[in-house]
Amino acid sequence: MVILHARTPTMFTVPLPKAQLQKQTLFTSNETAGNVYRIPALLYERESKTLFAFAEQRKTSDNAKLKEVEKVNNKLFLFFICVEDAITEMYQKENCDNRTRLCFITSEDLGETWSDVTDLTDKLNEIKNWSTFAVGPGHGIPAESGRLIIPVYAYTSFCCKPCFLPNSKSYALSLYSGSHGKNWKFGELFNTVSVECEIVEISKDHIYCNARNVGGYRVEAVSDHNGVKFNNLQPGNKLVFFMQHPIRVLLHIHLCQRCVKYCVNPQAEHSRRVTIVVF
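Taking the UniProt record's numbering, the leading residue of the sequence shown gets 1, the next gets one more, and so forth.
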């Protein structure tokens with residue numbers, strides 16, 4: 001028997017009142033009780049004036065994976081990955097052993113009920129060449145052309161031996177459908193190392209992507225092919241990306257200390273959270 005650990009998102013819906021909005025706690029994490037909420041996403045449905053607040057419910061606060069939300073023709077698509085219980089991302093990258101499944105569910109009644117899970121993994125041959133992968137996080141987009149586009153990133157490997165772990169690099173790409181979600185295809189991998197990403201349509205058939213990177217700057221790319229292939233932008237001022245590790249953060253900030261002040265949050269010894277204040 002194979003146990004699939006589907007990191008199923010939890011959802012809360014609130015009809016927007018005409019009066020001034022007030023603060024309301026939707027999800028409260030309690031790791032001791034095995035309830036941890038992370039990776040939130042918001043979606044506003046104009047016709048019903050309903051605001052959807054999504055979050056992943058997890059047993060621990062580790063860096064488990066992601067989800068993607070999209071709406072088309074009053075149908076909500078919720079993408080997520082499923083992984084066998086106890087199989088970590090690091091294990092998959094070290095052993096070139098992809099155990100990740102690409103799945104989605106849909107709703108046609110504003111989230112009141114959801115469909116059964118659809119597993120796309122075996123229908124997309126590219127997945128066989130990856131160590132592991134994930135979607136988003138955040139939102140997909142219904143492009144003006146009618147194409148549905150989901151941001152993805154994948155770890156590729158050139159051999160299956162742990163000693164060649166440095167060859168396991170991640171690249172952003174798109175997952176898209178031109179048939180209103182009936183069939184799905186992957187676009188081309190970025191030519192620059194890139195990780196978690198978001199996309200937006202800037203004009204018809206032109207898609208902008210902003211992705212995390214491991215080199216100190218975020219990756220910016222634009223597609224003139226409706227999200228199938230992306231080309232890197234060459235901006236005059238690159239977007240600085242502060243690494244999560246506190247030591248590396250300090251190194252990056254030291255280079256521009258005239259404009260940035262910093263402090264590391266006084267949290268747990270192994271905390272990765274860093275507070276940045278820009279002046």
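Ideal Cβ placement from N, Cα and C applies to all residues, glycine included.
For residue i, the residue or residues it bridges with in DSSP
i: residue 280; result: Shown here, the chain extends from 1 to 279; a query on residue 280 therefore has no answer.
i: S157; result: Answer by DSSP bridge pairing: none, since S157 is not bridged.
i: L148; result: P142, S177
i: F133; result: A154
Residue nearest to residue i in terms of C-alpha spacing, selected from the options
i: E94; options: S157, F190, V222; result: S157
i: P151; options: F80, N125, D224, N35; result: F80
i: G178; options: L233, F54, T28, G227; result: G227
i: Y155; options: S29, N183, S145, V135; result: V135
i: C209; options: Y217, I202, E198, G216; result: E198
i: E47; options: A41, K75, I141; result: K75
i: A172; options: A211, I141, G216; result: A211
i: G215; options: C82, G146, I202, V195; result: V195
i: L42; options: L78, N30, T28, I202; result: L78
i: I202; options: E89, E144, S115; result: E144
i: V200; options: E126, Q234, G138, E188; result: G138
i: E89; options: E108, Y153, T50; result: Y153
Rounded straight-line distance, which links the Cα of residue j to that of residue i
i: R99; j: Q22; result: 43 Å
i: D97; j: Y91; result: 8 Å
i: G181; j: L148; result: 7 Å
i: residue 280; j: K238; result: In this structure the chain extends from 1 to 279, so residue 280 is not present and cannot be described.
i: S131; j: E84; result: 14 Å
i: K204; j: D224; result: 9 Å
Terminal residues of the beta strand (DSSP E) in which residue i lies
i: Y171; result: 169–177
CB of residue i within 7 Å of CB of residue j, strictly
i: F190; j: L175; result: no
i: V193; j: K229; result: no
i: W184; j: L120; result: yes
i: A53; j: Y37; result: no
i: T118; j: F133; result: no
i: V222; j: N213; result: no
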